[in-house]
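Each remark here refers to the structure printed beneath this line.
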Ligand code: CAA
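In full-length UniProt numbering, the protein residues as written are 2 to 260.
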């Protein structure tokens, strides 16, 4: 396997740590990054020396979402035929060891969805969560419309998905999206402490606990995510998607025509 370029991988005892490392783009999630992340997660999952995984980003951004530059000109035919943007994200759900998201800074769009695909989230006090896709003329495409309501309830999920506003760490903890909030400079210590505890338990029991909790949580999630994906891809047929993403890249306000 080749050395990853957009992530950093290291271990601390029985804990595997993956750091998203595309800082200039606020860890915007492109195919290469997601492929590297998937490969690193699979390698830790297969490694008997690893009992728990931490996924983290930079101080400023866990991840600011899917890479808008990479998808701005996609058509519906492109994304539907190729299952683009979200295709390689399902790997994360197949990992059987626990993954803790250690989130500081922005976790927006696909970044928020990526954090929610992890088993639990520990947030730094500067964390900001949101699903701002609506501002681009699209909707969340990596499970956000299904996982966010399960995590925070319908009202807050609707509020976030429809207004595109951000939620700070305090609000996210109150709503149940994150399990703990700690000062920024304590984030990795806290996540590592939790991960080392988990990695010290029976790997079999830990895997069973993860699987069982997910059973309670995921009910009809697969149907929901597929439904969401069809809609998400369909939005690449709209003029408003082209306008929303072009406006972002040109650093101007979008002029939506509702077409
Ligand atoms: N894709 C591509 N590039 C991105 C990006 C993204 N999602 N988010 C940020 N960047 C880039 C910016 O374009 C900028 O690049 P340049 O320096 O080359 O201009 C750089 O990262 C720094 O960003 P800003 O200058 O905007 O930083 P800021 O501190 O002023 O604002 C922010 C930070 C509020 C997070 C802002 O960057 C932002 O709104 N980003 C987009 C968030 C978003 O819309 N995410 C959803 C994407 S769609 C999606 O994720 C689909 C899905 O469900 C799978």
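Idealized CB from N, CA, C, for every residue including glycine.
Element boundaries [alpha helix (DSSP H), containing residue i]
i, result
"residue 179", "That residue, residue 179, is in no alpha helix (DSSP H); it is neither H nor E in DSSP."
"residue 39", "32–47"
"residue 199", "188–201"
"residue 92", "91–95"
"residue 217", "204–219"
"residue 161", "155–164"
Limits of the unbroken beta strand (DSSP E) element including residue i
i, result
"residue 11", "8–13"
"residue 103", "100–104"
"residue 56", "53–57"
Any non-hydrogen atom of the ligand CAA within 6 Å of residue i CB
i, result
"residue 69", "yes"
"residue 134", "yes"
"residue 33", "no"
"residue 144", "no"
"residue 111", "yes"
"residue 150", "no"
"residue 192", "no"
Residue i, buried or exposed, once every other Cβ within 10 Å from all chains shown has been counted against 16
i, result
"residue 3", "exposed"
"residue 57", "buried"
"residue 95", "exposed"
"residue 147", "buried"
"residue 234", "buried"
"residue 228", "exposed"
"residue 250", "exposed"
"residue 68", "buried"
"residue 230", "buried"
"residue 164", "exposed"
"residue 212", "exposed"
"residue 209", "exposed"
"residue 256", "exposed"
Rounded straight-line distance, which links the Cα of residue j to that of residue i
i, j, result
"residue 108", "residue 203", "31 Å"
"residue 1", "residue 253", "Absent from the model: residue 1. The displayed extent of the chain is 2 to 260, so no value can be given."
"residue 219", "residue 129", "25 Å"
"residue 169", "residue 183", "13 Å"
"residue 185", "residue 80", "37 Å"
"residue 32", "residue 24", "16 Å"
"residue 171", "residue 76", "38 Å"
"residue 97", "residue 39", "13 Å"
"residue 162", "residue 73", "20 Å"
"residue 121", "residue 179", "7 Å"
"residue 64", "residue 206", "31 Å"
"residue 42", "residue 117", "16 Å"
"residue 89", "residue 258", "32 Å"
"residue 198", "residue 247", "46 Å"
Contacting residues, own chain, Cβ-Cβ under 6 Å from residue i (five flanking each side not counted)
i, result
"residue 236", "139 and 242"
"residue 266", "Residue 266 lies beyond the stretch modelled for the chain, which goes from 2 to 260, so this question has no answer here."
"residue 125", "105, 185 and 188"
Same chain, Cβ closer than 7 Å to residue i, neighbours up to 5 away in sequence not counted
i, result
"residue 9", "20 and 22"
"residue 177", "152 and 153"
"residue 260", "239, 240 and 241"
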